[in-house]
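Single-structure report; data block below.
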Amino acid sequence: MKETKVEATSDILAELVVKGMQERKASDIVVMNLKSLKNAVSDYFVIASASSDTQLDAIASSIEEEVHKAVGQNPWQTEGRTNKEWVLLDYVDVVAHVFLKDKREFYALEELWGDAKIKHVESV
């Protein structure tokens, strides 16, 4: 029997990233829809905060597990695992950003991409 692989659209990927964040109690989860913006680097940025470097690492791992389990996809690129202040998981069409709270305020991605449609996700 042939195994069929689910095609992951950017909408599905963004939902899976949010689910991974929620699994490890990430706070202040925001989904930024960049599809309508000219020169956007991806379709979505999904941003969340962690209260410690341990939680930051757990959230990033949870995102990877959820996406891989559902659609068999690994991040194209990851950054920040060694510094544990801001971890970026790049799935090309969806980029997940997990920040320590003070670093998130400092970099203020929501303000940099202020024209994006922003959806705040309720905590679980």
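Take the position in the sequence shown, starting the count at 1, then add 408; the result is the number in our numbering. Beta carbons are placed, not taken as given, at the ideal position from N, Cα and C, and that holds for glycine.
Beta-bridge partners assigned by DSSP to residue 486: 497. Beta-bridge partners assigned by DSSP to residue 440: 453, 526. The alpha-carbon of residue 497 is positioned some 19 Å away from that of residue 510.
A straight-line Cα-Cα distance of about 10 Å links residue 519 and residue 513. In this structure, the straight-line span from the alpha carbon of residue 476 to that of residue 468 is close to 12 Å. Per the C-alpha coordinates, the member of 529, 521, 528, 526 positioned closest to residue 447 is 521. Contact annotation: residue 454 and residue 425 have beta-carbon atoms nearer than 7 Å.
Sequence-distant partners of residue 440 (beyond 5 residues in either direction) whose C-beta falls short of 6 Å from its own C-beta, in its chain, are 453, 521, 524, 526.
Between the beta-carbon of residue 456 and that of residue 506 there is about 5 Å, and that keeps the pair under the 8 Å contact cut.
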